[in-house]
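Chemist: What follows is a single structure, and I will ask about it in a moment.
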Amino acid sequence: MNKQDIMFDTEQKDFDLEKVLELLKKCKLDDDTILLEYYIKAYRELCRFFRLQGRLFGFVAKDLEEKIGILETWRRCDTCDNYKSVQSMIKYEVEYGLTTFRGRVPSGSRTLLRLQRALEFILRFIDEMSMSEDEDKSSYIAHTVYKRTLANHHPWIVQKMAGFVTFMLPSRKELIETMCKQKYDQVLILMHEVTQEGNPIYDITHSLYKKHNLLNLK
1 MNKQDIMFDT EQKDFDLEKV LELLKKCKLD DDTILLEYYI KAYRELCRFF
51 RLQGRLFGFV AKDLEEKIGI LETWRRCDTC DNYKSVQSMI KYEVEYGLTT
101 FRGRVPSGSR TLLRLQRALE FILRFIDEMS MSEDEDKSSY IAHTVYKRTL
151 ANHHPWIVQK MAGFVTFMLP SRKELIETMC KQKYDQVLIL MHEVTQEGNP
201 IYDITHSLYK KHNLLNLK
């Protein structure tokens, strides 16, 4: 893999934070129920966050898209009524001993846990970016957040590759202007709003996994 393969793509993109925000708002109900339909839809847009950062992070996006496909398979199965929300899915799979199932289609609980881990990275990265300055290096922010989050779940070789590719990222201003569909000033506002909506969704789901001792599902 040469430098050209992993460099940040500077062609204009259309990562849509406004769409992410709209879907996250629909994801959590007033009683803290997390609807899988909107979690998945929001995540489809968030996957593009990785794809737009060069080919090396493309493998992360591909893995996440496969996980989304698994959840959608469960939502179409004969027992799909149990997969309307994160709460109903975990309750059903815990009750019937399905959480560790790793057949042709792995369990929904195991699959969602992998998405949760990446969501933590995305939300923390967006939050740190929103509080940084225009010329701050997004490479440093991404690497620091990665070490605190996803690196804990990646093998050594993946950690090394991720560290290398994050080094290629441009300044905050250039990254935002290149990746995002909205204008720069609007993105700064949207980043804060996305983390405000996304953090409770992450926290509620994390608490459910902790309650049922599922945080270390293999």
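In full-length UniProt numbering, the protein residues as written are 1 to 218.
Yeah, the Cβ is synthetic: ideal placement off N, Cα and C, and Gly gets one too.
With respect to the alpha helix (DSSP H) encompassing Gln182, which residues constitute its N-terminal and C-terminal limits?
Modeler: No alpha helix (DSSP H) contains Gln182, which DSSP labels as neither H nor E.
Chemist: Across which residues does DSSP place Ile34 in a beta bridge pair?
Modeler: Lys28
Chemist: Is the beta carbon of Ala42 less than 8 Å from the beta carbon of Leu23?
Modeler: Contact flag set, yes.
Chemist: Thinking C-beta only, is Ile34 closer than 8 Å to Leu86?
Modeler: Before going on, a small fix: residue 86 reads as Val here, not Leu. Yes, the pair counts as a contact, with Cβ atoms nearer than the cut-off.
Chemist: What is the DSSP secondary structure of Lys19, counted as helix, strand or coil?
Modeler: helix
Chemist: Can you look up Ser139 in the DSSP assignment and give me helix, strand or coil?
Modeler: The answer is helix: DSSP assigns Ser139 an H, G or I state.
Chemist: Around the C-beta of Tyr96, are 16 or more other C-beta atoms found within 10 angstroms, so that it is buried, or is it exposed?
Modeler: exposed
Chemist: Measuring only the C-alpha atoms, how far is Ala151 from His143?
Modeler: 10 Å
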